[in-house]
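These protein sequence lines are chains E and F, in that order.
Following the numbering used here, the numbering of the first sequence begins with 1 at its first residue and continues without gaps.
Following the numbering used here, the numbering of the second sequence begins with 323 at its first residue and continues without gaps.
Ideal Cβ positions, reconstructed from N, Cα and C, are used throughout, including at glycine.
In this text the structure is predicted, and so the values were computed from the model without any measurement.
Taking it in order: structure first as structure tokens, then the write-up.
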Amino acid sequence: MTNHEPMIQLDRLTRRFGSFLAVDRVSFGVGKGEIVGLLGPNGAGKTTTMRMLTTYLTPTSGRARLAGFDVLDDPLEVRRSVGYLPENVPLYGEMRVREFLRFRARLKDVPRLKLRRSIGEVVARCRLEEVENRIIGQLSRGFRQRVGLAEAMVHDPPILILDEPTAGLDPLQILEVRDLIRELGDRHTILLSTHILPEVEAVCGRVIIIARGRIALDERQEDLRRDTAIVVEARGPAEAIRAALQTVPGVERVTLAGQDGDHAGFQVHTRGERDLREAVGLKLSANGWPLRRLDLRRSSLEERFVQAVTQDTLADAHREAG
Amino acid sequence: MRHVSTLVIRELAAYFLGPMAYLVLLAFQVIAFLNFWELVDTLRQPQREYSSLRDPMLNYISGSPGFWIAVLVAVPVLTMRLLAEERRSGTIETLLTLPVTEAEVVLAKWLAGVVMFWALLVPFALYLPFLYYQAKFYFDVGPVLALTVGLTTMGMMFMAIGLFFSSMTRNQIIAAVWTFVTLFFMIVMVPLVHLFGARQRAGWAEGVRFSSVLYQIQSLGLGQFDLRFLALHLSVCVLVLTLTVKVLEARTNP
Numbered sequence: 001m002t003n004h005e006p007m008i009q010l011d012r013l014t015r016r017f018g019s020f021l022a023v024d025r026v027s028f029g030v031g032k033g034e035i036v037g038l039l040g041p042n043g044a045g046k047t048t049t050m051r052m053l054t055t056y057l058t059p060t061s062g063r064a065r066l067a068g069f070d071v072l073d074d075p076l077e078v079r080r081s082v083g084y085l086p087e088n089v090p091l092y093g094e095m096r097v098r099e100f101l102r103f104r105a106r107l108k109d110v111p112r113l114k115l116r117r118s119i120g121e122v123v124a125r126c127r128l129e130e131v132e133n134r135i136i137g138q139l140s141r142g143f144r145q146r147v148g149l150a151e152a153m154v155h156d157p158p159i160l161i162l163d164e165p166t167a168g169l170d171p172l173q174i175l176e177v178r179d180l181i182r183e184l185g186d187r188h189t190i191l192l193s194t195h196i197l198p199e200v201e202a203v204c205g206r207v208i209i210i211a212r213g214r215i216a217l218d219e220r221q222e223d224l225r226r227d228t229a230i231v232v233e234a235r236g237p238a239e240a241i242r243a244a245l246q247t248v249p250g251v252e253r254v255t256l257a258g259q260d261g262d263h264a265g266f267q268v269h270t271r272g273e274r275d276l277r278e279a280v281g282l283k284l285s286a287n288g289w290p291l292r293r294l295d296l297r298r299s300s301l302e303e304r305f306v307q308a309v310t311q312d313t314l315a316d317a318h319r320e321a322g
Numbered sequence: 323m324r325h326v327s328t329l330v331i332r333e334l335a336a337y338f339l340g341p342m343a344y345l346v347l348l349a350f351q352v353i354a355f356l357n358f359w360e361l362v363d364t365l366r367q368p369q370r371e372y373s374s375l376r377d378p379m380l381n382y383i384s385g386s387p388g389f390w391i392a393v394l395v396a397v398p399v400l401t402m403r404l405l406a407e408e409r410r411s412g413t414i415e416t417l418l419t420l421p422v423t424e425a426e427v428v429l430a431k432w433l434a435g436v437v438m439f440w441a442l443l444v445p446f447a448l449y450l451p452f453l454y455y456q457a458k459f460y461f462d463v464g465p466v467l468a469l470t471v472g473l474t475t476m477g478m479m480f481m482a483i484g485l486f487f488s489s490m491t492r493n494q495i496i497a498a499v500w501t502f503v504t505l506f507f508m509i510v511m512v513p514l515v516h517l518f519g520a521r522q523r524a525g526w527a528e529g530v531r532f533s534s535v536l537y538q539i540q541s542l543g544l545g546q547f548d549l550r551f552l553a554l555h556l557s558v559c560v561l562v563l564t565l566t567v568k569v570l571e572a573r574t575n576p
């Protein structure tokens, strides 16, 4: 593996189930130490993507490399490099926590001499000390989730793949698991899926939105936050106003949002943190175009999510109609 | 293959963490006890001639209806859980994303089943030393050994068949029913078909007889150590285990 190769690299990964296209040419890369959130409505293809990355399912076409190993050529090496927590956290209910972790560590080739230490470490990290000798089937949902996490990382893999790690937890437990994931980010590259938006905002450095098997958005959290727009409505010739606004220093692009009689609405996207509302207002009054609205709008993840998902659906509807 | 022992130990532990293994063992113990009682009873009657076909030892295991009925029930009960339960609970997903091959998983589950099958034969073996040393009935050791080998290979074949059906479904009951039907065909139907053919003096009757598990085990119990029987058992076993590995590799989601 070269130094610059990302930990997770997908190249036009595709999976069909019969005639149903579950994942459609998905490509992205995840660098070392990143925490990436895979976001999407139910049935968007998140779980299928993760199952392909963990070698549980084979891709119909396309490639994926994890820690430098191809999922088709070196599945065992990929499995060694990945800790996987599937949806609903399947565990052996009849085993005791410590016994289960020991069993899994043996299967994951943790050397005998390091067994005790590795298990002790994950038990401490996932705060399982008080239940380590209890039967898994009798544990609460929150503890089971943590046992699943401990199991996923017992062999200290460079990559963790977590499918809806907070599903079914109460709010307090959700906070705990999120804290834990954030802590894990210092040692592992993490790809997690969820359909809970605040979770992504709280934990992930980067968001990838998947809708209908395709990537609808792939952006860093800070870029998402930085992406502010000024909403302007003024009376006058739309094209001329747009051209004038474009000349204001600091403006990146201006899009026409809609026209309503003589009034035209614009979205002015700006670069940097500076608030350009005053400059925009001055520009308009200097040209003698009466101003009706001047607003600052920070696009939230939720807006982008809805936008990305519905746009995609609209595009599909058009395609199907055409 | 270094993971097999770890997997086998867990599988055996899982058997004994539920009630099934104890119930089946108890049933076999009861049958062994009844058959031994009958054997001793037969031997107590003085001055009876035994032809080679009426060997009293034959009724102890290989010719005992109780034993065969118990096998017919025990094999599905012991194998139904092996892979169907992993599918039902979803643990198959974590199991098959461990750095463990499908072949290792199948081999380990099958071996655990074979060990359990062996455990079922132990009650029968327990009484034999008493018969030999205490009652001074010096039966032939050869046929008993041949029978042991034959029952082992037969158990390997049956366990492979049970495991195969368990890999096909997420419902243990369905797996058990399929296994039962298959074994019922092998143990009960094949001899009936042979009987029918023999009455018609058909040429194929002999072939059917050879493939009957009942006939094979009884021949071995009489000391006819025919390697063809063992080869047949082991070939079926390898074929079915290979199919099971393929089913797991196909990742079908029944």
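Query                                                                                                                                                                                        : Result
Excluding five sequence neighbours on each side, which residues of the same chain lie with their C-beta closer than 8 Å to the C-beta of glutamate 252 (chain E)?                            : His269, Thr270, Arg271
Here's a check: name, in chain order, each residue in its chain whose Cβ is nearer than 6 Å to the Cβ of glycine 93 (chain E), leaving out the five neighbours to either side.               : Ile136, Gly137
What residues from chain E crowd round arginine 332 (chain F), counting only those whose CB sits closer than 7 Å?                                                                            : Phe103
In chain order, what residues of the same chain lie with their CB nearer than 6 Å to the CB of serine 61 (chain E), ignoring the 5 residues before and after it?                             : Thr14
So glycine 148 (chain E) is in the alpha helix (DSSP H); what residue range does that whole segment cover?                                                                                   : 141-152
Cutting at 6 Å between CB atoms, please list the residues of its own chain near alanine 354 (chain F), excluding the five before and the five after it.                                      : Pro445, Phe446
Look at glutamine 259 (chain E) and valine 232 (chain E) and say whether their C-beta atoms are less than 9 Å apart.                                                                         : no
Suppose you measure from the CA of valine 330 (chain F) to the CA of lysine 431 (chain F); what does that come to, to the nearest Å?                                                         : 6 Å
State the Cα-Cα distance for the pair valine 78 (chain E) and serine 140 (chain E), rounded to the nearest angstrom.                                                                         : 31 Å
Would isoleucine 556 (chain F) and methionine 479 (chain F) be called neighbours here (beta carbons separated by less than 9 Å)?                                                             : Correcting the residue identity first, residue 556 (chain F) is leucine in this sequence and not isoleucine. Yes, the pair counts as a contact, with Cβ atoms nearer than the cut-off.
Counting contacts by CB-CB distance shorter than 9 Å, is valine 82 (chain E) in contact with chain F?                                                                                        : yes
Taking just the CA atoms, how far does glycine 265 (chain E) sit from lysine 328 (chain E)?                                                                                                  : Any property of residue 328 (chain E) remains undetermined from this structure, which presents chain E solely from 1 to 322.
With 9 Å set as the bound, which would you pick, yes or no: does the beta-carbon of arginine 531 (chain F) sit closer than that to a beta-carbon of chain E?                                 : no
Where are the beta strand (DSSP E) runs, 3 residues long or more, that stay fully inside the region 23-94 of chain E, in chain order?                                                        : 35-39, 61-66, 82-85
Counting only beta-carbon atoms, is arginine 573 (chain F) nearer than 9 Å to chain E?                                                                                                       : yes
Using a Cβ-Cβ cut-off of 9 Å, state whether glycine 412 (chain F) counts as contacting chain E.                                                                                              : yes
Of the choices E:Ala211, E:Tyr84, E:Pro59, whose alpha-carbon is the least far from that of leucine 191 (chain E)?                                                                           : E:Tyr84
On the CB-based measure, 16 or more other CB atoms within 10 Å of its CB, does arginine 80 (chain E) come out buried or exposed?                                                             : buried
Is there a C-beta anywhere in chain E that falls below 9 Å from the one on alanine 336 (chain F)?                                                                                            : yes
Could you give the DSSP three-state label for serine 488 (chain F): helix, strand or coil?                                                                                                   : helix
Determine the direct distance from the alpha carbon of glutamate 303 (chain E) to that of histidine 325 (chain F), and round the result to whole angstroms.                                  : 49 Å
For glutamine 259 (chain E), which of helix, strand or coil comes out of DSSP?                                                                                                               : strand
Closest to alanine 167 (chain E) by CA distance: which of E:Ser285, E:Val82, E:Val36, E:His195 is it?                                                                                        : E:His195
Between valine 437 (chain F) and chain E, is there a C-beta pair that is closer than 9 Å?                                                                                                    : no
Determine which residues share a DSSP beta bridge with leucine 21 (chain E) and list them.                                                                                                   : E:Arg16
Report the CB separation of arginine 134 (chain E) from valine 97 (chain E) in whole angstroms; it is logged as a contact under 8 Å.                                                         : 6 Å
Find out if the Cβ-Cβ distance for the pair threonine 416 (chain F), glutamate 407 (chain F) is shorter than 9 Å.                                                                            : no
Quick check on glutamate 151 (chain E): buried or exposed, where buried means 16 or more other Cβ atoms within 10 Å of its Cβ?                                                               : buried
With hydrogens ignored, establish whether the beta-carbon of isoleucine 414 (chain F) is closer than 8 Å to any heavy atom of the ligand COA.                                                : The ligand COA is absent from the structure shown, which contains no ligands of any kind.
Classify valine 131 (chain E): buried if its beta carbon has 16 or more other beta carbons within 10 angstroms, exposed otherwise.                                                           : buried
Would DSSP call valine 232 (chain E) helix, strand or coil?                                                                                                                                  : strand
State the CB to CB distance for the pair isoleucine 210 (chain E) and alanine 44 (chain E), rounded to an integer number of angstroms; the pair is presumed to be in contact (CB under 8 Å). : 5 Å
Express the C-alpha separation of leucine 115 (chain E) and serine 327 (chain F) in angstroms, rounding to a whole number.                                                                   : 17 Å
Just how far apart, CA to CA, sit glycine 477 (chain F) and glycine 33 (chain E)?                                                                                                            : 51 Å
Which of the residues in the region 386-415 of chain F, read from start to end, lie with their CB under 9 Å from any CB of chain E?                                                          : Glu408, Ser411, Gly412, Thr413, Ile414, Glu415
Which value, in whole angstroms, describes the spacing of the CA atoms of leucine 394 (chain F) and glycine 385 (chain F)?                                                                   : 14 Å
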